[in-house]
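Undergrad: Chains as they are written, first to last, in the numbering used here: chain H, 5 to 147; chain P, 5 to 147. One structure follows; several queries about it will come next.
Given below as structure tokens:
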């Protein structure tokens, strides 16, 4: 039984090759905060789903603007566990906003060309998510 | 390239056999709201991480009480996408609390015996999470 578990633990999910390349490019962009490269990784009609709003956001420019803004507020952003399935990945992360510690997940779906078609973010705890959202709205309003 | 993608899409992650059996039992318990069976699926020192609090909860009795309470408030709970990796699974869901629609994920980790050791829930949007948490606290206080 022990041997079976060890072997099973070695198995890893591998979404299609274009998705594998896409998630690697996403992680590079986040590590380098290379937002100039992000549009090339996004499908034209990409959908972004924020942890604060039920309504989704659409389009490359909107998603790039939101991520630039939010990554300018979050500190010590670090990816933790990694899950995958179908054409997508779930990347767990930890971060800070001021004194508040947060954990979250990015749920990222890719098309057959390795472009991101859907990007959903969920974070906990909820009160810190609202703090982050209000700071983002303040900075957005300030241009 | 199309053939490669089709084959790659067929690959699925398979955490160890005990974890596979454990997640199937979890999904049965949720489908049947069979909370009496939940303690047998939990490790003694199981950790529950809620979408509303940064502090974790510990122990079987606490987790069972919280889930009984929360599943008594959520309506139309439905699992959506499914991801896996290592010894765990991410199960995306949709639900309603009153008029508020929510999406969330259960991130479930299993030990080598197929018992749940860590259960983290994240949900969006954040304001609806706070509505759910305050309703849960009200019912908890009311016994």
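The beta-carbon is built from N, C-alpha and C at its ideal position, and this holds for glycine as well.
May I have a chain-ordered list of the beta strand (DSSP E) segments no shorter than 3 residues that lie completely inside the region 52–82 of chain H?
TA: For the region 52–82 of chain H, not a single whole beta strand (DSSP E) run of length 3 or above is found.
Undergrad: Roughly how many angstroms separate the alpha carbons of residue 110(P) and residue 116(H), rounded to a whole number?
TA: Their Cα atoms are separated by approximately 27 angstroms.
Undergrad: Between which residues of its own chain and residue 118(P) is the CB-CB distance below 7 angstroms, once the five residues before and five after are set aside?
TA: Closer than 7 angstroms at Cβ, skipping near neighbours: 22, 23, 25 and 26.
Undergrad: Compare the beta carbon distance of residue 2(H) and residue 128(H) with 8 angstroms and say whether it is the shorter of the two.
TA: One cannot answer for residue 2(H) here, as it falls past the ends of chain H, which runs 5 to 147.
Undergrad: Taking the alpha-carbon positions, what's the residue 52(P) to residue 130(H) distance?
TA: Distance between the alpha carbons of residue 52(P) and residue 130(H): 16 angstroms.
Undergrad: What do you reckon, is the C-beta of residue 117(P) under 7 angstroms from a heavy atom of the ligand FAD?
TA: No copy of the ligand FAD occurs in the structure displayed, which carries no ligand at all.
Undergrad: Assuming residue 64(H) contacts residue 48(H) under a Cβ cut-off of 8 angstroms, what Cβ separation, rounded to an integer in Å, is found between them?
TA: The pair is a contact, with the Cβ atoms about 7 angstroms apart (cut-off 8 angstroms).
Undergrad: Distance check for residue 43(P) and residue 36(H), CA to CA, integer angstroms please.
TA: Going by the C-alpha atoms only, they are around 44 angstroms apart.
Undergrad: Checking 8 angstroms against the spacing of the C-beta atoms, do residue 50(H) and residue 97(H) come in under that value?
TA: No.
Undergrad: Out of 20(H), 125(H) and 30(H), point me to the one whose CA is closest to residue 54(H)'s CA.
TA: Of the listed residues, the one whose Cα sits closest to residue 54(H) is 125(H).
Undergrad: Could you tell me whether the Cβ of residue 101(P) comes closer than 8 angstroms to any Cβ of chain H?
TA: No, residue 101(P) lies away from the interface with chain H (no Cβ there is under 8 angstroms from its Cβ).
Undergrad: Hey, residue 80(P) and residue 66(P): beta-carbon distance below 8 angstroms or not?
TA: Result no, Cβ atoms of residue 80(P) and residue 66(P) do not sit closer than 8 angstroms.
Undergrad: Would residue 101(P) and residue 69(P) be called neighbours here (beta carbons separated by less than 8 angstroms)?
TA: Contact: no.
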